[in-house]
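Peer 1: Residues 450 to 866 in the working numbering are what the sequence shown lists, from first letter to last.
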Amino acid sequence: MNTTVFELNDTGIYCNGQQGSALISPGYALLTNTGVATGTEAQQRFWLEPQHSYNQFWRQLSLSPLPTVSRYARHHADLAYAQLLQLHRDCGEPEDVIFAVPGSFSNEQLGILLGLAKASPFNVVGLVDAAIAATSQASLAGQLLHLDIQLHQTVITGVTVDNNLRRSHIEVIPELGLKHFHDKWAQHIANLFIRQYRYDPLHTAAGEQQLNNHLPAWLTALNGLDSTTINMDTPQGNYRLNLVRSELLESSSPLFNRLSNAVTKLKTSDAQLLLSHRCAQLPGFSQHWSNAVPLTQQATVEGCLNHLDVICSTGESLNFVTSLPRQNVMQQMPDNVRRVNNHSPTHLLYRHKAYRLGDKLPDELDQLDLQFVKTDEGYTLTPHTGKIGFDGDPKNLQTGDRFTLESGETVSLIEVC
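Structural data, given as structure tokens:
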């Protein structure tokens, strides 16, 4: 059986499964004259064509009409359907799919999602809470609190673990998503360019698009460095400046304080906090919650594939799984620097395509002479040219690590099952 997991988080829908076709597609859609573009293609036009662009269709999944009339999409559900079809094609057209969905989905939205699935060229064989699937890989007992961030909101999931993992409660924090942090950080960076060059990148659509295209790579660099040099191409030439992590985090302190207060309110003294890889990779998150357990990018996918007998259904009706049997993935509580389910990566994800470590890399990476060296423990990374910002240990690469090339592009390390 060729089963692929679609982890439906609109910061980047992560798809991986038994055949190893891994990709990430952000929850963006663009209405064009020929159809609906989704994912990175749409994201890279979002600020250039705002009247035809959408990025709330997963959070607001519904049948309400779109403000723009189009022959290709009537409502948010049509945009979501277009992205599901694109994901299916890009993943190699798997026969069976499991949807791992955030706890923020309402019953009505789950119904719409399953309606889309019935019209799709693949079989949806399972529906599971993404936080429960990810948490199952930690093998921790007692009370757990899973923190995950979406584009427009944050979801905190309470999990009770004894012989089973059970979802106990959900807290959705609206208007506190990745885009809100990105907007604050983009404004901070724009202010730096104004101060140093009298240039405002947010003044034009092209400048705003360029800044937001580069922002994820700059953030990855700052997750492992106190500062990094950034640059932008402008009509007046290439402008460079120094971006300091502490100053960047100060610009978003009201948002972060709101999030921290919400976690403090929900977290009991004996509860263990777990950070999704999306949270753990943001500057300041792992440092603030230093005792939290950071989960890998693969955690949700592995949680699903390790519980196929519980999650998958053979009939037409699907149960929404919010409880899983406990597995002894690890024997003891990890310390605050070790990742849960430490797995060595097998592939790197570059420009949304997976390349096996040890094989010939794309020309853009091959020219940098990056060497991935196989050891008894896994892989090490030796950069011979250029500089990279790295969020892990280059001498002990782990699934979920990311590094930033000098060009500003991001490379993720993944494990293909």
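A virtual CB, placed ideally from N, CA and C, is assigned to each residue, including glycine.
Computed from a predicted structure; not experimentally measured.
Output needed for Leu671: all residues of its chain with C-beta closer than 8 Å, excluding positions within five of it in sequence on either side, in chain order.
Peer 2: Cβ within range, chain order: Thr677, Leu692, Arg694, Leu697, Pro732, Gly838.
Peer 1: Taking only the alpha-carbon atoms, compute the straight-line gap between Trp496 and Gln599 and give it to the nearest angstrom.
Peer 2: Approximately 19 Å, taken between the alpha carbons.
Peer 1: State the DSSP-derived secondary structure class of Asp632, mapped to helix, strand or coil.
Peer 2: Asp632: helix per DSSP, three-state reduction.
Peer 1: Quick test of your reading: Lys628 and His601, contact by CB under 8 Å. State the CB separation rounded to the nearest angstrom.
Peer 2: Correct: roughly 6 Å between the Cβ atoms.
Peer 1: Which class does Ser709 belong to by DSSP, given the choice of helix, strand or coil?
Peer 2: Three-state DSSP puts Ser709 in a helix.
Peer 1: Give me the Cα-Cα distance between Arg527 and Leu480, rounded to the nearest whole angstrom.
Peer 2: In the sequence as displayed, the identity of residue 527 is Asp instead of Arg. Using only the alpha carbons, I get a separation of about 11 Å.
Peer 1: Grouping DSSP H, G and I as helix and E and B as strand, with all else coil, what is Cys728?
Peer 2: Looking at Cys728 - three-state DSSP - the assignment turns out to be helix.
Peer 1: Out of Gln509, Gly476, Leu510, point me to the one whose CA is closest to Arg494's CA.
Peer 2: Of the listed residues, the one whose Cα sits closest to Arg494 is Gly476.
Peer 1: Leu641 and Leu674 - do their beta-carbons sit closer together than 8 Å?
Peer 2: Taking 8 Å as the Cβ cut-off, Leu674 and Leu641 do not qualify as a contacting pair.
Peer 1: Rounding to the nearest angstrom, what Cα-Cα distance links Asp812 and Leu797 in this structure?
Peer 2: The straight-line gap from Cα to Cα measures roughly 14 Å.
Peer 1: At what residue ranges does the region 561-585 contain a whole run of the alpha helix (DSSP H), taking only runs of 4 or more?
Peer 2: Here the runs fully enclosed are 579-584.
Peer 1: Between which residues of its own chain and Arg787 is the CB-CB distance below 6 Å, once the five residues before and five after are set aside?
Peer 2: Note on Arg787: pLDDT 33, under 50, position unreliable in the model; the coordinate value appears next. Taken in chain order, the list of residues that qualify is empty.
Peer 1: How many angstroms separate the CA atom of Ser861 from the CA atom of Arg615?
Peer 2: Taking the straight line joining both Cα atoms gives about 31 Å.
Peer 1: I need the straight-line Cα distance from Ala580 to Val770, nearest angstrom please.
Peer 2: The alpha-carbon atoms of Ala580 and Val770 are separated by roughly 11 Å.
Peer 1: Going along the chain, which residues of its own chain have a beta-carbon closer than 6 Å to the beta-carbon of Asp597, five neighbours each way excluded?
Peer 2: Taken in chain order, the residues that qualify are Val604, Ser725.
Peer 1: Under DSSP, the alpha helix (DSSP H) around Thr669 begins and ends at which residues?
Peer 2: 654-671 is the extent of the alpha helix (DSSP H) around Thr669.
Peer 1: Please report the distance separating the alpha-carbon of Ile679 from that of Asn613.
Peer 2: Approximately 47 Å between the Cα atoms of the pair.
Peer 1: Can a CB atom of chain B be found closer than 8 Å to the CB of Phe705?
Peer 2: Among the chains of the structure shown, chain B does not appear; only one protein chain is present.
Peer 1: Identify the continuous alpha helix (DSSP H) that holds Gln736 and give its terminal residues.
Peer 2: Segment 734-737, the alpha helix (DSSP H) holding Gln736.
Peer 1: Need the endpoints of the alpha helix (DSSP H) that Glu696 sits in, please.
Peer 2: Start and end: 694-700.
Peer 1: On the three-state DSSP scale, how would you describe Arg644?
Peer 2: Helix at Arg644.
Peer 1: So Thr489 is in the alpha helix (DSSP H); what residue range does that whole segment cover?
Peer 2: Residues 489-492.
Peer 1: Hey, could you find the ends of the beta strand (DSSP E) Cys464 is sitting in?
Peer 2: It spans 462-466 - the beta strand (DSSP E) in which Cys464 sits, taken as one unbroken run.
Peer 1: Here's the rule: buried if 16 or more other CB atoms are within 10 angstroms of the residue's CB, otherwise exposed. What is Asp784?
Peer 2: Confidence at Asp784 is low in this model, with a pLDDT of 38, below 50, so its placement is unreliable and the value that follows should be read with caution. So Asp784 ends up on the exposed side.
Peer 1: Tell me which same chain residues have a C-beta within less than 7 Å of the C-beta of Leu806, skipping the five on either side of it?
Peer 2: Result list for Leu806: Pro794, Thr795, His796, Leu797, Phe821, Tyr828, in chain order.
Peer 1: Let me check understanding here. Comparing Cα to Cα, which of Val621, Pro665, Tyr688, Val610 lies closest to Tyr646?
Peer 2: Taking only the C-alpha atoms, the option nearest Tyr646 is Tyr688.
Peer 1: My output table needs one value for Ala745: the three-state DSSP class, helix, strand or coil.
Peer 2: The sequence shown places Thr at residue 745, rather than the Ala named in the question. Three-state result, Thr745: coil.
Peer 1: Given this structure, state the Cα-to-Cα distance separating Leu767 from Arg775, to the nearest angstrom.
Peer 2: Their backbone Cα atoms lie some 22 Å apart in a straight line.
Peer 1: Which residue from Phe548, Cys761, Thr487, Val550 puts its Cα closest to that of Ala522?
Peer 2: Out of Phe548, Cys761, Thr487, Val550, Thr487 has the C-alpha closest to the C-alpha of Ala522.
Peer 1: Looking at the unbroken alpha helix (DSSP H) that takes in Leu534, where does it start and where does it end?
Peer 2: Leu534 -> alpha helix (DSSP H) spans 525-539.
Peer 1: Can you grab the Cα-Cα spacing for the pair Cys728 / Phe734, in whole Å?
Peer 2: One C-alpha to the other measures close to 6 Å.
Peer 1: Can you give the Cα-Cα distance for Arg707 and Gln730, rounded to whole angstroms?
Peer 2: Arg707 and Gln730: Cα-Cα distance of roughly 19 Å.
Peer 1: Among Ala549, Ile622, Gln659, which has the Cα closest to the Cα of Pro684?
Peer 2: Selected option, being the one with the closest Cα: Gln659.
Peer 1: Say whether the region 756-766 touches the region 560-576, bearing in mind that this needs 3 or more beta-carbon pairs closer than 8 Å, one atom from each stretch.
Peer 2: Yes: at least three Cβ pairs fall under 8 Å.
Peer 1: With respect to the alpha helix (DSSP H) encompassing Leu757, which residues constitute its N-terminal and C-terminal limits?
Peer 2: Note, Leu757: alpha helix (DSSP H), 757-760.
Peer 1: Contact check, Phe571 vs Leu562 under 8 Å by CB: the rounded distance?
Peer 2: Actually they do not touch by this definition, with Cβ atoms about 13 Å apart.
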